[in-house]
Amino acid sequence: MLTRKQHELLMFIHERIKETGVSPSFDEMKEALDLASKSGIHRLITALEERGFLRRLAHRARALEVVKLPQQATTAAPPSGRQAFKPQIVTGEREAVPPSAANDVRELSVLGRIAAGTPIEAIQHERDKMIVPESLLGAGEHYVLEVQGDSMINAGIYDGDHVIIRRGSTANSGEIVVALVMGEEATLKRLRRKGASVALEAANPAYETRIFGPDQVQVQGKLVGLIRRYH
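Here it is in structure tokens:
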């Protein structure tokens with residue numbers, strides 16, 4: 007899927023290469039998209055490259071190659087209005103979203119990696135942005151974390167996956183949550199309530215269930231979606 011800015015940049019590069027045989031400079035791209043800095047252009051190019059629309063050619067200045075165009079660039083324009091997503095886990099399929107459907111996606115902050123023993127500082131600072139379909143979200147504030155480790159593989163969550171978390175401080179027993187343990191570490195586990203105790207349960211028999219007192223665990227959010235990129 008492409009955001010509006012990604013689509014605009016791809017088409018600008020495509021038209022400029024058709025006209026001149028050379029890809030535009032970063033300054034030209036920045037001016038064309040009315041962006042404040044070249045770093046914004048760099049992020050857009052990286053996103054287009056990751057999605058298979060652009061390729062950087064090594065050892066050549068200003069060398070960008072348009073690998074493919076969104077379907078919308080070569081077919082009739084879709085009707086105005088929002089374009090519904092099919093409910094699904096995002097699996098890295100390289101499907102473009104037309105500008106008219108830009109509101110069907112949301113840009114979320116990627117706050118870091120999550121695993122047992124990860125310091126809480128790792129999920130307090132934004133390190134990247136990710137475009138996520140609205141169909142995976144719903145109401146509330148959300149953020150994204152990159153999974154590190156294999157403690158949740160039997161729940162279908164693998165090392166390198168990106169999990170979408172709805173921010174909140176409560177969860178039902180059996181839900182997968184981001185938990186802050188004793189104010190020092192963050193972990194992605196299934197929460198179980200056992201009387202006055204709280205259990206954080208891995209989805210891998212190689213890891214033991216950890217039991218804590220009710221004041222030792224704070225819920226930071228609940229798992230609502232998963233993004234997997236295939237390379």
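Residue numbers for the sequence shown follow this note's numbering, so the first one is 7 and each next one is one higher. Glycine included, each C-beta is placed from N, C-alpha and C at the ideal position.
In terms of CA proximity to Asn178, Gln226 leads the group Gly144, Gln226, Val153. Taking C-beta atoms as the reference points, Leu60 and Ile47 fail to come closer than 9 angstroms. The alpha carbon of Val28 has as its nearest neighbour, out of Asp40, His13, Arg62, Ile163, the alpha carbon of Arg62. When secondary structure is reduced to three states using DSSP, Met188 falls in the coil class, being assigned neither helix nor strand. Taking 9 angstroms as the cut-off, the Cβ atoms of His13 and Pro76 count as close.
By the C-beta density criterion, Ala69 is exposed, having fewer than 16 other C-beta atoms within 10 angstroms. For Phe18, no beta strand (DSSP E) segment is defined; the enclosing uninterrupted segment is the alpha helix (DSSP H) at 10 to 26. Counting along the chain, Asp134 sits inside the beta strand (DSSP E) bounded by residues 134 to 139.
In the DSSP assignment, Ser203 is bridged to Lys200. For Gly46, there is no enclosing beta strand (DSSP E); the enclosing alpha helix (DSSP H) covers residues 44 to 56. Around Asn210, the same chain offers Asp156, Ser157, Met158, Ile159, Asn160 as residues with beta carbons nearer than 8 angstroms, after the five sequence neighbours per side are excluded. DSSP, read as helix, strand or coil, puts Ile163 in coil. Contact between Arg172 and Val230 holds, with the beta-carbon distance rounding to 5 angstroms and staying under 8 angstroms. If the five residues before and after Ala202 are omitted, its C-beta is found closer than 8 angstroms to the C-beta atoms of Gly219, Pro220, all from its own chain and listed in chain order. Residue range 223 to 233 is occupied by the beta strand (DSSP E) that includes Leu232, with no alpha helix (DSSP H) assigned at that position.
Residue environment for Ala212: exposed (fewer than 16 other C-beta atoms within 10 angstroms of its C-beta). When C-alpha distances from Gly146 are compared across Ile137, Gly174, Ile217, the shortest belongs to Gly174.
As the crow flies, the alpha-carbon of Glu214 is around 10 angstroms from that of Ala205. Taken atom to atom, the span from the alpha-carbon of Leu143 to that of Lys36 is near 31 angstroms.
Judged by DSSP in its simplified three-state form, Lys74 adopts coil rather than helix or strand. In the structure shown, Glu147 falls within a coil segment according to DSSP collapsed to helix, strand and coil.
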